[in-house]
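Enquirer:
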Amino acid sequence: MNKTTFSFELFPPKTEKAAENLWAALPDLVSLNPKFMTVTYGAGGTTKEGTSETINQIMGKYKIPVGSHLTFINSTKSDLRSYIDDLWNKNVRHIVALRGDMSKVLNWPLDQDSEYFQYTSDFVEGIKTWYPEMEISVGAYPEKHPDAPSMEADITALKDKCDAGATRAITQLFFENKDYYYFIEKCEKAGINTPIVPGLLPIHDFKGMCNFAKRCHARIPVHLYERFEPFVDKPEDAQKLAIQILMEQAEDLTKHGVEHIHFYTLNKSDITKNVVKTLFS
Ligand SMILES: Cc1cc2nc3c(=O)[nH]c(=O)nc-3n(C[C@H](O)[C@H](O)[C@H](O)COP(=O)(O)OP(=O)(O)OC[C@H]3O[C@@H](n4cnc5c(N)ncnc54)[C@H](O)[C@@H]3O)c2cc1C
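In this note's numbering, the protein residues as written are 1075 to 1355.
1) Heavy atom of ligand 1 less than 6 angstroms from the Cβ of glycine 1141, yes or no?
2) Grouping DSSP H, G and I as helix and E and B as strand, with all else coil, what is valine 1212?
3) For ligand 1, is there a heavy atom less than 6 angstroms away from the beta-carbon of glutamine 1186?
4) When the distance is taken between beta carbons, is glutamine 1246 closer than 7 angstroms to cysteine 1290?
5) Which runs of the beta strand (DSSP E) spanning at least 3 residues fall entirely within the stretch 1097-1125, listed in chain order?
6) Could you say which of Gly1331, His1297, Ser1343 and Tyr1190 lies nearest to valine 1104 if we only look at CA atoms?
7) Answer with buried or exposed for valine 1166, where buried requires no fewer than 16 other C-beta atoms within 10 angstroms of its C-beta.
8) The beta strand (DSSP E) with isoleucine 1335 in it runs from where to where?
9) With respect to 6 angstroms, is the separation between the Cβ of isoleucine 1244 and the closest non-hydrogen atom of ligand 1 below this value?
10) If you check the beta carbons only, do leucine 1161 and serine 1142 fall under 7 angstroms apart?
11) Please find out if some non-hydrogen atom of ligand 1 comes closer than 6 angstroms to the beta-carbon of histidine 1219.
If you want it as structure tokens, here you go:
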């Protein structure tokens, strides 16, 4: 049996229909026995209640650890602390600690201000001081974070986050495994020993995925356009292809010794379930 473990990212639903979709997908996702799940957080706290509520509901219904994403820009240290206190009191023991995308009113790098964290490594250090036992995941960028002047500078920033106490890094979505392998090699050379978990996106809707990937600055390889092109108006065939593509990517990663994969489920179970069941059970 394949020993690779896996985890799922979810987002807090904003409408009743979206909530129905999430709750319809959860039994399938939970039955696959993921190591953990995480719930995203709107930068600046826009989904604060939604994130916390979604986590509570999932942990109330299923015996599965769920972590909260949390972005620090636009939030004071004291606001972050009270959100984390609340999570801790509700038995949440995992935070995905992030800066968040820059808003139009802020410039990068952020000004120093003792009420706010400046870098994600400071945020990780802060959480570790408040809750030494908190598990912390951080973001990593195999194609470089768009704000970073170079890959080297970005890897230095990742090392700072790992040295500050991150349990693992989870990558931004990517479609070419060779980018991930190259990135891992560079991180190892830079002295990063923290696990860097690949984050994979199932392609539920090719056009929607293209928009999403562009927003994340993730490169879409030409072969994906070519492979999906014949199935523009054939959703069932497009889904079969999406399963095949995710399977190829995940299988290749496991063959290269990857021990854990994080799936960006977008609150849907169909494609992820197919791949996880085939490869990991
Ligand atoms: C797994 C994952 C989950 C995510 N979930 C969410 C979510 O729920 N909500 C949301 O709003 N966004 C989310 N994002 C997006 C994320 O907030 C953005 O990509 C954001 O722009 C960067 O956040 P970060 O903490 O990953 O990057 P950081 O590590 O903070 O890096 C951001 C930039 O700052 C630079 N930098 C960092 N430290 C230093 C330093 N000490 N000196 C100089 N430069 C430095 C880096 O090189 C990089 O260019 C997620 C991203 C990932 C990979």
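Idealized CB from N, CA, C, for every residue including glycine. Every value quoted in this text rests on a predicted model; they were computed, and no experiment measured them.
Expert: Reading from the atomic positions:
1) False, no ligand heavy atom lies under 6 angstroms from that Cβ.
2) Valine 1212 falls in the strand class under three-state DSSP.
3) At a cut-off of 6 angstroms, the beta-carbon of glutamine 1186 does not count as near ligand 1: no heavy atom of the ligand is closer than that.
4) Result yes, Cβ atoms of cysteine 1290 and glutamine 1246 sit closer than 7 angstroms.
5) If we require 3 residues or more, the beta strand (DSSP E) runs fully inside the stretch 1097-1125 come out as 1110-1113.
6) In terms of Cα proximity to valine 1104, the closest of Gly1331, His1297, Ser1343 and Tyr1190 is Ser1343.
7) With 16 or more other Cβ atoms within 10 Å, it is buried.
8) Isoleucine 1335 -> beta strand (DSSP E) spans 1334-1338.
9) Correct: isoleucine 1244 has its Cβ closer than 6 angstroms to ligand 1.
10) Yes, these two residues count as a Cβ contact at 7 angstroms.
11) Histidine 1219 Cβ: within cutoff of ligand 1.
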